[in-house]
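The structure under discussion appears below in the form of C-alpha coordinates.
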Amino acid sequence: MPAKTLDIRAYTPATAPPWAAEIVTAIRGGDLAKGSRLFREAASTSGIERAVYAVAAVVEPGAGQLTVGPGPLVYGNPLRTGYCWRCGTCLATFRRGGPAPTAGVNYKTAQSARGAAVKHDREAHGGRSTVHELSPRGRDLRC
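Letter by letter, the sequence shown follows residues 1 to 143 of full-length UniProt numbering.
Listed below in C-alpha coordinates is the structure:
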(Lines of atoms letter the chains of each structure in order from A and count residues from 1; the text may use other names and numbers.)
(Lines give C-alpha, C1' and ligand atoms only; values in the text may rest on other atoms or scores of the structure.)
Protein backbone atom coordinates (compact mmCIF):
# COMPACT_ATOMS: atom_id res chain seq x y z
CA MET A 1 0.00 0.00 0.00
CA PRO A 2 1.50 3.40 -0.98
CA ALA A 3 2.29 5.95 1.72
CA LYS A 4 -0.32 8.64 2.26
CA THR A 5 0.63 11.91 0.57
CA LEU A 6 0.35 15.07 2.63
CA ASP A 7 -1.57 18.14 1.52
CA ILE A 8 -2.33 21.57 2.95
CA ARG A 9 -4.73 20.01 5.47
CA ALA A 10 -1.75 18.52 7.35
CA TYR A 11 -1.51 21.73 9.38
CA THR A 12 -3.67 24.70 10.28
CA PRO A 13 -2.40 28.07 11.45
CA ALA A 14 -3.08 26.86 15.02
CA THR A 15 -1.36 23.45 14.68
CA ALA A 16 1.76 24.37 12.71
CA PRO A 17 4.96 23.57 14.64
CA PRO A 18 6.79 26.46 16.36
CA TRP A 19 9.71 26.25 13.93
CA ALA A 20 7.34 27.19 11.08
CA ALA A 21 6.54 30.49 12.79
CA GLU A 22 10.28 31.13 13.30
CA ILE A 23 10.90 30.68 9.59
CA VAL A 24 8.07 33.04 8.66
CA THR A 25 9.25 35.62 11.22
CA ALA A 26 12.73 35.60 9.66
CA ILE A 27 11.29 36.03 6.16
CA ARG A 28 8.92 38.81 7.21
CA GLY A 29 11.83 40.53 8.93
CA GLY A 30 13.73 40.58 5.64
CA ASP A 31 16.30 37.92 6.63
CA LEU A 32 15.85 35.42 3.82
CA ALA A 33 19.23 33.79 4.58
CA LYS A 34 18.13 32.94 8.13
CA GLY A 35 14.71 31.81 6.89
CA SER A 36 16.39 29.56 4.32
CA ARG A 37 18.73 28.05 6.91
CA LEU A 38 15.86 27.36 9.32
CA PHE A 39 13.73 25.95 6.50
CA ARG A 40 16.49 23.57 5.38
CA GLU A 41 16.96 22.40 8.98
CA ALA A 42 13.22 21.78 9.33
CA ALA A 43 13.08 19.95 6.01
CA SER A 44 16.00 17.72 6.98
CA THR A 45 14.38 16.68 10.27
CA SER A 46 10.66 16.70 9.37
CA GLY A 47 10.75 16.12 5.61
CA ILE A 48 10.30 18.60 2.78
CA GLU A 49 6.53 18.09 2.44
CA ARG A 50 5.92 18.75 6.13
CA ALA A 51 8.15 21.82 6.04
CA VAL A 52 6.35 23.25 3.00
CA TYR A 53 2.86 22.69 4.43
CA ALA A 54 3.77 23.90 7.92
CA VAL A 55 5.07 27.29 6.77
CA ALA A 56 2.19 27.64 4.29
CA ALA A 57 -0.28 27.14 7.15
CA VAL A 58 1.32 29.93 9.19
CA VAL A 59 0.67 32.47 6.41
CA GLU A 60 -2.66 31.05 5.22
CA PRO A 61 -5.14 33.76 4.21
CA GLY A 62 -8.57 33.58 5.78
CA ALA A 63 -11.82 33.10 3.91
CA GLY A 64 -12.67 36.23 1.95
CA GLN A 65 -9.01 37.19 1.55
CA LEU A 66 -6.51 37.02 -1.28
CA THR A 67 -2.80 37.31 -0.48
CA VAL A 68 -0.51 38.67 -3.20
CA GLY A 69 3.23 39.32 -3.12
CA PRO A 70 6.70 37.79 -3.29
CA GLY A 71 6.60 34.00 -3.07
CA PRO A 72 8.48 33.74 0.24
CA LEU A 73 5.93 36.03 1.91
CA VAL A 74 2.82 34.49 0.34
CA TYR A 75 3.82 30.89 1.07
CA GLY A 76 6.24 31.31 3.99
CA ASN A 77 8.73 29.31 1.93
CA PRO A 78 12.13 31.00 1.50
CA LEU A 79 12.89 28.87 -1.56
CA ARG A 80 9.86 30.16 -3.52
CA THR A 81 10.63 32.56 -6.34
CA GLY A 82 8.59 35.06 -8.31
CA TYR A 83 5.34 36.70 -7.29
CA CYS A 84 2.38 34.63 -6.14
CA TRP A 85 -1.19 34.76 -4.88
CA ARG A 86 -3.32 32.54 -2.64
CA CYS A 87 -7.08 32.47 -2.17
CA GLY A 88 -8.28 32.07 1.40
CA THR A 89 -11.85 31.27 0.32
CA CYS A 90 -10.62 28.36 -1.81
CA LEU A 91 -8.40 27.14 1.05
CA ALA A 92 -11.32 27.26 3.50
CA THR A 93 -13.52 25.32 1.06
CA PHE A 94 -10.78 22.70 0.57
CA ARG A 95 -10.40 22.26 4.33
CA ARG A 96 -14.13 21.46 4.46
CA GLY A 97 -13.78 18.74 1.80
CA GLY A 98 -14.13 20.85 -1.35
CA PRO A 99 -11.94 20.90 -4.47
CA ALA A 100 -8.22 21.67 -4.40
CA PRO A 101 -7.54 25.35 -3.69
CA THR A 102 -6.69 27.74 -6.50
CA ALA A 103 -3.47 29.74 -6.34
CA GLY A 104 -1.03 31.38 -8.72
CA VAL A 105 2.76 31.10 -8.68
CA ASN A 106 5.87 32.25 -10.54
CA TYR A 107 4.59 35.56 -11.90
CA LYS A 108 7.31 37.95 -13.09
CA THR A 109 5.71 41.07 -11.59
CA ALA A 110 3.58 41.95 -8.60
CA GLN A 111 1.11 43.62 -10.95
CA SER A 112 0.56 40.44 -12.99
CA ALA A 113 0.07 38.35 -9.82
CA ARG A 114 -2.43 40.89 -8.48
CA GLY A 115 -4.31 40.98 -11.79
CA ALA A 116 -4.60 37.19 -11.86
CA ALA A 117 -5.77 37.09 -8.23
CA VAL A 118 -8.44 39.72 -8.85
CA LYS A 119 -9.58 37.89 -11.99
CA HIS A 120 -9.83 34.62 -10.04
CA ASP A 121 -11.84 36.33 -7.31
CA ARG A 122 -14.21 37.95 -9.79
CA GLU A 123 -14.79 34.69 -11.70
CA ALA A 124 -14.90 32.28 -8.73
CA HIS A 125 -16.24 34.39 -5.87
CA GLY A 126 -18.06 37.34 -7.43
CA GLY A 127 -15.31 39.84 -6.59
CA ARG A 128 -16.09 39.90 -2.87
CA SER A 129 -12.62 39.14 -1.46
CA THR A 130 -10.21 41.63 0.08
CA VAL A 131 -6.77 41.73 -1.55
CA HIS A 132 -3.80 41.92 0.84
CA GLU A 133 -0.61 42.93 -0.92
CA LEU A 134 2.53 41.88 0.93
CA SER A 135 5.63 44.03 0.55
CA PRO A 136 9.20 42.89 1.13
CA ARG A 137 11.25 44.48 3.91
CA GLY A 138 14.66 43.21 2.94
CA ARG A 139 16.61 43.38 -0.29
CA ASP A 140 16.62 39.57 -0.38
CA LEU A 141 12.89 39.39 -1.06
CA ARG A 142 12.84 41.42 -4.23
CA CYS A 143 11.77 39.07 -7.00
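Note that beta-carbon positions come from the ideal geometry of N, C-alpha and C, so glycine has one too.
Because the structure is a prediction, the values reported are computed rather than measured.
- By the neighbour-count definition (other C-beta atoms within 10 Å, threshold 16), S44 is an exposed residue.
- L73 sits away from D121, with the two beta carbons spaced by 8 Å or more.
- Residue burial annotation: T81 is exposed, with fewer than 16 other C-beta atoms found within 10 angstroms of its C-beta.
- With distances taken between CA atoms, A14 lies nearest to G62 out of I27, G62 and G30.
- Nearest in C-alpha terms to G126, of all of H132, V118 and S112, is V118.
- Excluding its 5 nearest sequence neighbours in each direction, V52 has C-beta neighbours in its own chain below 7 Å: N77, listed in chain order.
- Exclusion of the five residues before and after A26 leaves K34, G35 and L38 as the residues of its chain whose Cβ lies within less than 7 Å of its Cβ.
- Apart from sequence neighbours up to five positions away, the residues of its chain that approach P17 with a beta-carbon distance below 7 Å are A54, ordered along the chain.
- Assignment of R96 by DSSP, reduced to helix, strand and coil, places it in the coil class.
- Here A21 has V58 as same chain residues with Cβ atoms under 7 Å from its own Cβ, once five neighbours each way along the sequence are excluded.
- Less than 8 Å separates the beta-carbon of A103 from that of C87.
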